[in-house]
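Numbering of the sequence shown is given in the UniProt record's numbering, commencing with residue 1 and proceeding in unit increments.
Backbone N, C-alpha and C define an ideal beta-carbon position, used for all residues, glycine too.
The structure appears right after this line, and notes come after that.
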Amino acid sequence: MPAVVVVGAQWGDEGKGKATDQLGARVDYVVKFNGGNNAGHTVVIGDEKYALHLLPSGILSPGVVPVIGNGVVIDIEVLFQELDALVARGVDVSRLQVSSAAHVIAPYNRTLDKVTERFLGKRRIGTTGRGIGPTYADKISRVGIRVQDLFDEKILRQKVEGALDQKNHLLVKVYNRRAITVDETVDDLLTYAERVRPMVADTTLVLNKALDAGKTVLFEGGQATMLDVDHGTYPFVTSSNATAGGACTGSGVGPTRIDRVIGVIKAYTTRVGEGPFPSELLDDMGEFLRQTGGEFGVTTGRPRRCGWYDAVIARYSGRVNGLTDLVLTKLDVLTGLEKVPVCVAYDVDGVRHDEMPLDQSDFHHARPVLEELPGWSEDITGARTFEDLPTNAQRYVLALEEMSGTRISAIGVGPDREATIVRHDLLG
Ligand code: GDP
Ligand code: IMO
Ligand code: MG
1 MPAVVVVGAQ WGDEGKGKAT DQLGARVDYV VKFNGGNNAG HTVVIGDEKY ALHLLPSGIL
61 SPGVVPVIGN GVVIDIEVLF QELDALVARG VDVSRLQVSS AAHVIAPYNR TLDKVTERFL
121 GKRRIGTTGR GIGPTYADKI SRVGIRVQDL FDEKILRQKV EGALDQKNHL LVKVYNRRAI
181 TVDETVDDLL TYAERVRPMV ADTTLVLNKA LDAGKTVLFE GGQATMLDVD HGTYPFVTSS
241 NATAGGACTG SGVGPTRIDR VIGVIKAYTT RVGEGPFPSE LLDDMGEFLR QTGGEFGVTT
301 GRPRRCGWYD AVIARYSGRV NGLTDLVLTK LDVLTGLEKV PVCVAYDVDG VRHDEMPLDQ
361 SDFHHARPVL EELPGWSEDI TGARTFEDLP TNAQRYVLAL EEMSGTRISA IGVGPDREAT
421 IVRHDLLG
């Protein structure tokens with residue numbers, strides 16, 4: 001099973017980091033193909049806890065070649081902060097490869113991200129403020145800075161001049177900020193150029209050759225389906241393709257080479273930032289999920305909004321990603337609930353929708369149609385086979401599988417690497 005894509009099936013933070021890390025011992029390459037340091041993945045290995053943002057979670061597995069693909073936007077300073085922090089903890093990061101075509105987050109794009117949000121006021125997206133949106137906007141507008149530009153100061157300077165010509169008008173005249181100089185920007189971008197140079201590679205060639213040689217490549221998606229710029233809850237999304245198609249464009253590996261697409265999905269739902277969320281709980285139950293599930297952002301520390309599992313979204317994710325498997329995470333968080341409601345459809349102004357409404361305004365008005373499933377009170381964190389789970393927990397999993405339309409191949413029962421039930425081998 002050489003090429004496997006892992007994506008988030010909801011609004012992020014489903015536990016993709018743990019899922020990727022778990023497969024790490026059995027894969028040769030782990031590729032991050034979209035997003036940047038807006039991601040936050042917590043990986044727990046024994047007593048050690050790691051928080052990764054820009055680096056692929058595969059970096060924690062000895063033997064894995066971690067790759068940052070062309071679809072990623074890189075904050076070079078953050079890259080080295082993360083690498084240095086891992087080295088200080090004894091992690092070998094020497095195999096990291098970085099695409100020469102990946103775009104770099106210039107300092108003015110961090111500034112623009114923050115001021116744009118402030119300017120939007122009540123209409124803000126609730127971004128992570130890392131410069132992600134403006135950097136992807138530059139990429140599409142063809143005024144972006146790429147990793148390869150860091151090795152030719154003359155070209156870099158020209159590109160920065162071109163970009164700042166426009167941006168300074170915006171910063172000064174619209175946002176009332178000081179103008180940013182070309183010199184300070186170029187100096188900033190060149191700070192780490194010599195450090196990054198040995199890592200830079202034609203990662204498309206590297207990955208295709210690896211697949212030719214029968215190696216196993218795991219494509220690790222940042223963010224998630226409902227945050228995808230095309231398929232998510234636009235405009236309350238991130239600025240990249242976090243769905244499975246992004247694995248191809250963001251790494252230069254064609255769709256004919258992908259064998260399996262795994263969606264990671266929580267046993268309930270969370271979202272960080274603004275935007276519609278039909279099954280959201282604004283009451284004590286939402287607080288219960290937040291506290292029990294530890295639902296606070298790894299990147300910004302913001303409390304995550306919490307709600308019930310949404311089977312409409314699970315079906316939608318299955319479709320737009322072509323999911324072959326689901327990894328259901330955090331089942332243990334639901335332990336102790338007498339009943340566990342699941343959103344099976346939406347009610348939009350009295351009309352039932354079994355699938356995602358066509359119109360965004362309808363999704364904003366969608367109220368969840370809930371079906372209650374019986375809960376369980378037994379501690380399940382030690383369960384390692386499906387049969388170890390209490391009957392009602394088994395029923396819950398089987399009901400979600402039926403409603404979601406994709407088989408549930410693994411179940412998370414705790415944050416630790418080992419706390420997983422495997423029903424079907426994800427790489428077999
Ligand atoms: P990611 O962005 O998709 O990698 O997810 P995050 O790391 O942002 O959030 C998932 C959180 O849930 C992390 O703190 C994980 O350690 C934790 N986690 C993952 N799987 C499980 C699970 O099955 N049970 C519990 N209790 N925690 C889990
Ligand atoms: P992982 O990989 C959850 C959200 C932000 C905001 C929107 C746009 O850990 O699942 P951006 O800074 O990307 O322009 O913000 O997207 N967001 C995430 N939410 N998990 C993430 O990553 C996210 N990355 C971005 O909160 O609503
Ligand atoms: Mg996260």
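Quick check on residue 103: buried or exposed, where buried means 16 or more other Cβ atoms within 10 Å of its Cβ?
Taking the first residue of the sequence shown as position 1, residue 103 is located at position 103. Buried is the call here.
Have a look at residue 110 and residue 252 and give me their C-alpha separation to the nearest angstrom.
Translated into the one-based positions of the sequence shown, residue 110 becomes position 110. Translated into the one-based positions of the sequence shown, residue 252 becomes position 252. Roughly 27 Å between the two C-alpha positions.
Closer than 7 Å: residue 66 CB and nearest the ligand GDP heavy atom
On the sequence shown, residue 66 is found 66 positions in, with the first residue counted as 1. False, no ligand heavy atom lies under 7 Å from that Cβ.
Please check the pair residue 262 and residue 335, which I expect to be a contact at CB under 8 Å, by giving their CB distance rounded to whole angstroms.
Start at 1 with the first residue of the sequence shown, and residue 262 comes out as number 262. Start at 1 with the first residue of the sequence shown, and residue 335 comes out as number 335. In this structure, residue 262 and residue 335 do not form a Cβ contact; the two beta carbons are roughly 25 Å apart against a cut-off of 8 Å.
Give a yes or no on whether the C-beta atoms belonging to residue 80 and residue 192 are separated by under 8 Å.
Residue numbering aside, residue 80 sits at position 80 when the sequence shown is read from its first letter. Residue numbering aside, residue 192 sits at position 192 when the sequence shown is read from its first letter. Contact flag set, yes.
I'd like to know whether the C-beta atoms of residue 70 and residue 51 end up nearer to each other than 8 Å.
For the purposes of this step, residue 70 is identified with residue 70 of the sequence shown, where counting begins at 1. For the purposes of this step, residue 51 is identified with residue 51 of the sequence shown, where counting begins at 1. Cβ atoms of residue 70 and residue 51: not closer than 8 Å.
Using alpha carbons as the reference points, say which of 343, 203, 428 lies closest to residue 259.
Within the sequence shown, numbered from 1, the residue matching residue 259 stands at position 259. Residue 259 has its Cα closest to that of 428, out of 343, 203, 428.
Cβ contact (3+ pairs, closer than 8 Å) linking the segment 288-306 and the segment 375-390
The segment 288-306, when compared against the segment 375-390, does not touch it at the 8 Å Cβ threshold.
Beta carbon of residue 41 nearer than 8 Å to that of residue 327:
Reading the sequence shown from its first residue, position 41 is the one you call residue 41. Reading the sequence shown from its first residue, position 327 is the one you call residue 327. Result no, Cβ atoms of residue 41 and residue 327 do not sit closer than 8 Å.
So, at 7 Å on beta carbons, what are the nonlocal neighbours of residue 227 in its own chain, with the 5 sequence-adjacent residues on each side left out?
As a position in the sequence shown, residue 227 is number 227, starting the count at 1. So the list reads 11, 12, 237, 238, 242, once near-sequence residues are dropped.
Bridge partners of residue 303, per DSSP?
Here residue 303 refers to the residue found at position 303 when the sequence shown is read from its first residue. Note: residue 303 sits in a beta bridge opposite 296.
Option nearest residue 399 by Cα separation, candidates 377, 372, 413, 414:
Mapped onto the sequence shown, residue 399 falls at position 399. When only C-alpha atoms are compared, the closest one is 372.
From which residue to which residue does the alpha helix (DSSP H) around residue 460 run?
The shown model of the chain, from 1 to 428, leaves out residue 460, and the question about it has no answer.
Delimiting residues of the beta strand (DSSP E) encompassing residue 49
The sequence position of residue 49 within the sequence shown is 49, counting from 1. First-last of the beta strand (DSSP E) with residue 49: 48-52.
Tell me residue 339's beta-bridge partners as DSSP assigns them.
By 1-based counting over the sequence shown, the position of residue 339 is 339. DSSP output for residue 339 lists 374 as bridge partner(s).
Using a Cβ-Cβ cutoff of less than 8 Å, which residues in the same chain neighbour residue 115 once the five nearest sequence positions on both sides are dropped?
Counting from one through the sequence shown, the residue named residue 115 turns up at place 115. 171, 175, 177, listed in sequence order.
Does the separation of the CB atoms of residue 31 and residue 207 fall below 8 Å?
Residue 31 sits at position 31 when you count from the first residue of the sequence shown. Residue 207 sits at position 207 when you count from the first residue of the sequence shown. Contact flag set, yes.
Residue 244 vs residue 322 beta-carbon contact at 8 Å
Reading the sequence shown from its first residue, position 244 is the one you call residue 244. Reading the sequence shown from its first residue, position 322 is the one you call residue 322. It is a contact, given that the beta carbons lie within the stated cut-off.
Secondary structure of residue 442, DSSP reduced to three states
Nothing can be reported for residue 442: it is not among the residues displayed for the chain, which extend from 1 to 428.
Can we count residue 329 as close to the ligand GDP, meaning its CB is less than 7 Å from some heavy atom?
Looking up residue 329 in the sequence shown gives position 329. Answer for residue 329: yes, Cβ within range of the ligand GDP.
Are the segment 214-227 and the segment 76-94 touching, with three or more C-beta to C-beta distances below 8 Å?
no
Give me whichever residues DSSP pairs with residue 103 in a beta bridge.
Sequence index remark: in the sequence shown, residue 103 carries index 103 (1-based). 73, 146, per the DSSP bridge assignment.
Looking at the structure shown, is residue 358 part of a helix, part of a strand, or coil, going by DSSP?
Here residue 358 corresponds to residue number 358 of the sequence shown, with the count starting at 1. Assigned with DSSP and collapsed to three states, residue 358 falls in coil, not helix or strand.
At which residue ranges does the segment 164-227 contain complete beta strand (DSSP E) runs of 3 or more residues, listed in the order of the chain?
Counting only runs of 3 or more, we get 217-220.
With a cut-off of 8 Å, do at least 3 Cβ pairs link the segment 187-201 to the segment 212-221?
no
Residues bridged to residue 97 (per DSSP)
Numbered from its first residue, the sequence shown carries residue 97 at position 97. Answer is 67, bridged to residue 97.
Taking the C-alpha atoms as reference points, what is the distance between residue 374 and residue 365?
Taking the sequence shown and counting its residues from 1, one reaches residue 374 at position 374. Taking the sequence shown and counting its residues from 1, one reaches residue 365 at position 365. Taking the straight line from one Cα to the other gives about 28 Å.
Kindly list the residues whose CB is nearer than 7 Å to the CB of residue 408, restricted to its own chain and excluding five residues on each side of it in sequence; keep chain order.
Against the sequence shown, residue 408 aligns to sequence position 408. Excluding residues within five positions, the ones whose Cβ falls inside 7 Å are 326, 328, 397, 400, 401, 423.
From 130, 410, 107, 276, pick the residue whose C-alpha is nearest to that of residue 180; which is it?
The count along the sequence shown starts at 1 and reaches residue 180 at position 180. Nearest of 130, 410, 107, 276 to residue 180, Cα basis: 107.
For residue 23 versus residue 218, is the C-beta spacing smaller than 8 Å?
Working through the sequence shown from its first residue, we reach residue 23 at position 23. Working through the sequence shown from its first residue, we reach residue 218 at position 218. Against a cut-off of 8 Å, the Cβ pair of residue 218 and residue 23 comes out as a contact.
Distance between residue 314 and residue 367 (C-alpha atoms, nearest Å)
If you number the sequence shown from 1, residue 367 lands on position 367. If you number the sequence shown from 1, residue 314 lands on position 314. In a straight line, the C-alpha of residue 367 is about 16 Å away from that of residue 314.
On the CB-based measure, 16 or more other CB atoms within 10 Å of its CB, does residue 8 come out buried or exposed?
Locating residue 8 in the sequence shown gives position 8, where the first residue counts as 1. With 16 or more other Cβ atoms from the protein chains shown falling within 10 Å of its own Cβ, residue 8 counts as buried.
Look at the alpha carbon of residue 332 and the alpha carbon of residue 383, and state the distance between them as a whole number of angstroms.
Your numbering for residue 332 matches position 332 in the sequence shown. Your numbering for residue 383 matches position 383 in the sequence shown. Each residue's Cα considered, the two are about 10 Å apart.
Rounded to the nearest angstrom, what separates residue 140 and residue 75 at their Cα positions?
Position 140 of the sequence shown, counted from the first residue, corresponds to residue 140. Position 75 of the sequence shown, counted from the first residue, corresponds to residue 75. Cα to Cα, residue 140 sits roughly 18 Å from residue 75.
By how many angstroms is the C-alpha of residue 105 removed from the C-alpha of residue 86?
Against the sequence shown, residue 86 aligns to sequence position 86. Against the sequence shown, residue 105 aligns to sequence position 105. Their Cα atoms are separated by approximately 22 Å.
Label residue 173 either buried or exposed according to how many other C-beta atoms from any shown protein chain fall within 10 Å of its C-beta, with 16 as the threshold for buried.
In the sequence shown, the residue the question calls residue 173 occupies position 173. Exposed, by the Cβ-count rule.
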